[in-house]
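Only one structure is covered here, and it is reproduced in the block below.
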Amino acid sequence: MEAFLAPRDAVLDWIGRLGQQHTVYFPQPSGTRSFQFERVTEASILTLESWESPVPRAAFRASANNQPPGKRLAPPREQLFTFRRNAAGELEFLPSLEQGFQVLAGVRPCDLKAIHLMDRVNSEGVADPHYLNRRAHTAIIAHDCLQPCDDYCFCEAAGSLHCREGADIFLTPLEKELLIECRTEQGAELLAQAEFAACDDPQAVRQQAEAHRAKPFGRQLAGSLETIGKALAAGWDSPLWQRHVERCFSCGTCTLVCPTCYCFDVHDDIDLHDPTAGERYRTADSCMLGDFAEVAGGHNFRGEPAARQRHRVKRKFEYPLERFGEGSFCVGCGRCGHQCTVDIDIFDIVNDLVRTGGEG
Amino acid sequence: MRALDIQRVLGGLGPDPYLPMSGRLLEARDLTERERFYRVELPRPLGHGPGQFVMVSCPGAGEAPISICCGPRDDRQLEMVVRRVGGLTQVLHGLQAGDSLGIRGPFGHGFDLDELQGHDLLLIAGGLGLVPMRSLLQPIMAEPERFGRVTLIVGYRTPAEELFREELAVWSKLPEVRVIRLVNDRAHLPWDGEVGLVTAPIAGLELDIANTLAVLIGPPVMYKFVLMELLARGLPQAQIFVDLERRMKCGIGKCGHCQINHLYCCQSGPVFRFSEIAQLREAL
Numbered sequence: 007m008e009a010f011l012a013p014r015d016a017v018l019d020w021i022g023r024l025g026q027q028h029t030v031y032f033p034q035p036s037g038t039r040s041f042q043f044e045r046v047t048e049a050s051i052l053t054l055e056s057w058e059s060p061v062p063r064a065a066f067r068a069s070a071n072n073q074p075p076g077k078r079l080a081p082p083r084e085q086l087f088t089f090r091r092n093a094a095g096e097l098e099f100l101p102s103l104e105q106g107f108q109v110l111a112g113v114r115p116c117d118l119k120a121i122h123l124m125d126r127v128n129s130e131g132v133a134d135p136h137y138l139n140r141r142a143h144t145a146i147i148a149h150d151c152l153q154p155c156d157d158y159c160f161c162e163a164a165g166s167l168h169c170r171e172g173a174d175i176f177l178t179p180l181e182k183e184l185l186i187e188c189r190t191e192q193g194a195e196l197l198a199q200a201e202f203a204a205c206d207d208p209q210a211v212r213q214q215a216e217a218h219r220a221k222p223f224g225r226q227l228a229g230s231l232e233t234i235g236k237a238l239a240a241g242w243d244s245p246l247w248q249r250h251v252e253r254c255f256s257c258g259t260c261t262l263v264c265p266t267c268y269c270f271d272v273h274d275d276i277d278l279h280d281p282t283a284g285e286r287y288r289t290a291d292s293c294m295l296g297d298f299a300e301v302a303g304g305h306n307f308r309g310e311p312a313a314r315q316r317h318r319v320k321r322k323f324e325y326p327l328e329r330f331g332e333g334s335f336c337v338g339c340g341r342c343g344h345q346c347t348v349d350i351d352i353f354d355i356v357n358d359l360v361r362t363g364g365e366g
Numbered sequence: 002m003r004a005l006d007i008q009r010v011l012g013g014l015g016p017d018p019y020l021p022m023s024g025r026l027l028e029a030r031d032l033t034e035r036e037r038f039y040r041v042e043l044p045r046p047l048g049h050g051p052g053q054f055v056m057v058s059c060p061g062a063g064e065a066p067i068s069i070c071c072g073p074r075d076d077r078q079l080e081m082v083v084r085r086v087g088g089l090t091q092v093l094h095g096l097q098a099g100d101s102l103g104i105r106g107p108f109g110h111g112f113d114l115d116e117l118q119g120h121d122l123l124l125i126a127g128g129l130g131l132v133p134m135r136s137l138l139q140p141i142m143a144e145p146e147r148f149g150r151v152t153l154i155v156g157y158r159t160p161a162e163e164l165f166r167e168e169l170a171v172w173s174k175l176p177e178v179r180v181i182r183l184v185n186d187r188a189h190l191p192w193d194g195e196v197g198l199v200t201a202p203i204a205g206l207e208l209d210i211a212n213t214l215a216v217l218i219g220p221p222v223m224y225k226f227v228l229m230e231l232l233a234r235g236l237p238q239a240q241i242f243v244d245l246e247r248r249m250k251c252g253i254g255k256c257g258h259c260q261i262n263h264l265y266c267c268q269s270g271p272v273f274r275f276s277e278i279a280q281l282r283e284a285l
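If you're matching them up, the sequences are chains A and B in order.
The first sequence runs contiguously to residue 366 in the working numbering.
The second sequence runs contiguously to residue 285 in the working numbering.
Here it is as structure tokens:
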């Protein structure tokens, strides 16, 4: 596939132009502290600030964007179907699948890996048509990270830094320009309108850029993913679970910002203008919330915050291996630790477990 | 080029698994103060096995997993029993014959009758556990000669909670079938069964341990104690089946609510061989 070289501004202009024709999401400043994947409009001021570190404006805690881009594939609130009563009073259930094309631009490798994992979750076993339909109508423009995006990042240790799967176009920051590598036909269609200079030897250019990558990249875990899996398997009764939730409010922020958390709850709403009709929708749910595993009759299978914390961590580092053969569902984006209101960091929990071998 | 060929996956997609079919109630009647029985006519045969469940919808009120309470059948009918415990079940209790509701399923891994064939069966149901147990009892009692001795132990809190009394009375007269009915508390009501917990009769049963398979269905609190009794009698873990209850929102291994360690109860269960889950700390 083709490769190009272009100045940063030219690439931003191109993304801006794509935004005139398609639904394009790109990290944009949100408030004064963070970036969000927002729709690109004529009014958008696109900057690469969000992913070129060190962040030039100290007030910005840019980091990985507040919400992962994958939330545009699995929205926190999503309609599943509508229902109504027909003239005979019988219920009718009407499928609703969204069809619009969208572009996710400015996706980091950690989020690319997360999207790859969500692709697997939603296509294996019983396939989820809502996710897959959206995914099939989504193009991804991703970029390499040569510097950790913030102090919370541990993507290299989590094994997601080098993920390229699923990107239609992959950008590598060079000193002055960007290397633009097209990876799919869909990517080529998006690039058709750009007038970028061809790059004859993208591999050499890329390798040159990669030589400037920070080493080690971001925080390093105390052991390999395999060691972590073993420590978790051995550490069911570790007092660390309790120690690491002493401050926890069970608020669910950590799962809300996690790019590989996909648990949901299901609700119905009645149409206020027509009480015989309405919609069923799902909303993001969290295994950290108190009643997540409670059954009718009141028994709660994970009633204690420590049990819920353990479940969350095992679900990232241990269970995925058994279910999907993937090393980790934690991609090391650092969002959960960054956003936690009381500074509980999955990175610290895992490291403590490894250091004690799960025992103390 | 892509890790996942999504177009291909989309091409192979079946019907939307979240979309219910519209069922019509042929019959709706109260069994007890809290439990109501339903017979539903569906647009097509459900094709379920014993121990499976369906997701039942009352649009506007929501959806919940409900055990199927009839044995496998070829017609388009489905039977279930719903206990009134909250918003959705309250609405379900208001439904009458002729009303319509949504059904998805069948879901889950249930019982394999061929696996049970030829064995002595010790079936233990606590309270509402008799409801899913009935989906297994009906095919067993239809062909009792396929099985060895069948012992059914059913326990309720009080006589007022008794379910399917007439059906149990008929089955108890079959050769090689023994039905033990218990209540914890007579509660000053007439009762012709025994008084005690479902664990009480186990120690005194004549069991051919090598050839006995046990099935447990009941509230979470029941399993620990019944399992202790069965294991004390020398029954191996692999010869005990348990039917576990979890909160479920999807039935297809996505929503996360029913997860037991790495297993999804809605797919690997709700029926498990005890040996499969004995090491899972959150199972019971």
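C-beta atoms are modelled at their ideal positions from N, C-alpha and C, and glycine is treated no differently.
Residue range 178–184 is occupied by the beta strand (DSSP E) that includes B/Arg179. Separation of A/Ala94 and B/Gly252 (C-alpha to C-alpha, rounded to the nearest whole angstrom) is 30 Å.
Boundaries of the beta strand (DSSP E) harbouring B/Gly63: 63–68, taken from the DSSP string. For B/Ile104, the enclosing beta strand (DSSP E) begins and ends at 101–108.
The continuous alpha helix (DSSP H) containing A/Gly235 extends over residues 231–240. Under the three-state reduction of DSSP output, A/Phe298 falls in the coil class, being neither helix nor strand. If you draw a 10 Å sphere on the C-beta of A/Met294, you find 16 or more other C-beta atoms in it, and that means buried. Not a single CB atom of chain B sits nearer than 8 Å to the CB of A/Phe223.
As the crow flies, the alpha-carbon of A/Cys151 is around 32 Å from that of B/Gly257. As DSSP reads the structure, B/Met81 sits in a beta bridge with B/Tyr39.
Assigned with DSSP and collapsed to three states, A/Tyr137 falls in helix. Against chain B, the beta carbon of A/Asp134 has neighbours under 7 Å at Lys255, listed in chain order. Contact annotation: B/Glu168 and B/Val151 have beta-carbon atoms that are not nearer than 8 Å. Taken through DSSP and simplified to helix, strand or coil, B/Leu153 comes out as strand. With contacts defined as CB atoms closer than 8 Å, B/Val155 and B/Ala126 qualify as a contacting pair.
A/Asp358 has its alpha-carbon roughly 8 Å from the corresponding atom of A/Ala228. A residue is called buried when at least 16 other Cβ atoms come within 10 angstroms of its Cβ; B/Gly119 does not meet this threshold and is exposed. For the segment 18–41 of chain B, the residues whose beta carbon sits under 8 Å from a beta carbon of chain A are, in order, Pro18, Tyr19, Leu20, Pro21, Met22, Ser23, Arg25. In the DSSP assignment, A/Met7 falls outside any beta strand (DSSP E), carrying neither H nor E. With fewer than 16 other CB atoms across the displayed protein chains lying within 10 angstroms of its CB, A/Glu96 is exposed. The beta carbon of A/Leu246 sits closer than 8 Å to those of Ile355, Asp358, Leu359, Thr362, Gly366, all from its chain and outside the five residues before and after it, given in chain order. Within 8 Å of the CB of A/Asn357, no CB atom of chain B is found; the nearest one sits about 22 Å away. Beta-bridge pairing by DSSP links A/Thr178 to A/Leu185. Between the segment 186–200 of chain A and the segment 306–315 of chain A, the count of C-beta pairs closer than 8 Å stays below three; the two stretches do not touch. Beta-bridge analysis with DSSP links A/Ser40 to A/Ser36.
In the three-state scheme derived from DSSP, where H, G and I count as helix and E and B as strand, A/Gln153 is classed as coil. B/Glu116 and A/Asp274 have their C-alpha atoms roughly 40 Å apart. Cβ atoms of A/Cys116 and A/Gly338 come within 8 Å of each other, at about 6 Å. Bounds of the alpha helix (DSSP H) holding B/Thr90 are 88–94.
Contact with chain A is absent for B/Val55, since none of that chain's Cβ atoms lies less than 8 Å from the residue's Cβ. In the DSSP annotation of this structure, the continuous segment of the alpha helix (DSSP H) that includes A/Asp15 starts and ends at 14–27. Scanning B/Ile210, B/Ala161, B/Arg179, B/Arg182 for the CA closest to the CA of B/Leu190 turns up B/Ala161. The C-beta of B/Arg30 has fewer than 16 other C-beta atoms within 10 Å across all chains shown, which makes the residue exposed. According to DSSP, B/Gly127 shares a beta bridge with B/Gly156.
Below the 7 Å Cβ cutoff, chain B contributes Lys250, Cys256 as neighbours of A/Phe270, in chain order.
Exposed is the label assigned to A/Asn92, since fewer than 16 other Cβ atoms lie within 10 Å of its Cβ.
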